[in-house]
Amino acid sequence: RLVGVQGLLDDFQEIARCFGRSWYDAALRSRLYSLTSTEGADAQIKKHGTLDLVAEAGVRLLFQKSGDTRVLNGVEIYRSRVRDAAKWEGDLPFDIQFTDDVDDISRKLGAEPQSTHDDDDRQGRAIWTRGEFRIVVILDLIVNLIASITVASAERWS
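All residue numbers for the sequence shown refer to this note's numbering, where the first residue is 1 and numbers rise by one.
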């Protein structure tokens with residue numbers, strides 16, 4: 001069951017409270033335990049710094065080294081079928097919708113993006129900082145939809 005990820009991310013403040021927690025933190029693991037084998041998750045987090053649940057839940061959790069462990073410091077949420085992602089059932093942070101454009105997101109965040117960049121003819125990105133969070137939106141320029149949104153601790157990019 002994927003209730004762990006959905007429950008963790010349905011309320012953005014809940015995921016934000018988990019930023020900085022180690023994968024070994026009981027509160028964080030109890031939310032995600034039903035999603036993956038602990039052994040497989042440990043190996044993935046240690047090797048790649050991520051817990052990839054895109055096919056299962058449309059989400060990838062980002063971990064950063066901190067001392068001798070890794071701590072949660074970001075989440076990427078994918079639109080259905082991007083990277084073969086499952087349909088994301090929860091709400092996106094900051095009331096953003098996959099159908100929003102840069103202007104819509106700017107209104108919702110109360111600021112223009114700090115930077116925008118078209119990677120090529122098919123994909124672009126826009127980046128905002130809001131308080132302690134960095135928001136990176138990858139835009140699918142062919143269908144004019146958000147492909148993914150990453151919300152992470154601003155420290156991740158400092």
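Think of the CB as a built atom: it goes at the ideal place given N, C-alpha and C, for glycine as much as any other residue.
6 Å Cβ shell around residue 95 - same chain, five flanking residues per side excluded: 108
Where residue 141 falls: helix, strand or coil (DSSP): coil
Same chain, Cβ closer than 8 Å to residue 149, five either side skipped, listed in chain order: 76, 77, 92, 93, 96, 135, 136, 137, 138
The beta strand (DSSP E) enclosing residue 87, as first and last residue numbers: Unbroken run through residue 87: none, as it is neither H nor E.
For residue 27, the three-state DSSP class (helix, strand or coil): helix
Residue 146 - DSSP class collapsed to helix/strand/coil: strand
Touching by the beta-carbon criterion (3+ pairs, under 8 Å), the region 46–61 and the region 77–90: yes
Cβ of residue 61 within 7 Å of any chain C Cβ: Chain labels in this structure do not include chain C; a single protein chain is all it has.
Alpha-carbon spacing of residue 24 relative to residue 124, whole angstroms: 35 Å
Beta-carbon gap between residue 19 and residue 53 smaller than 7 Å: no
Segments assigned beta strand (DSSP E), at least 3 residues, entirely inside the region 103–139: 115–118, 123–130
As assigned by DSSP and simplified to three states, the class of residue 153: The answer is strand: DSSP assigns residue 153 an E or B state.
Reduced DSSP category for residue 98 - H, G, I as helix; E, B as strand; rest coil: In the structure shown, residue 98 adopts coil according to DSSP, grouped into three states.
Exposed unless 16 or more other CB atoms sit within 10 angstroms - verdict on residue 100: buried
Pairwise C-alpha distance: residue 121 and residue 145: If you draw a straight line from the Cα of residue 145 to the Cα of residue 121, it comes to about 14 Å.
Same chain, Cβ closer than 7 Å to residue 106, neighbours up to 5 away in sequence not counted: Result list for residue 106: 112, 113, in chain order.
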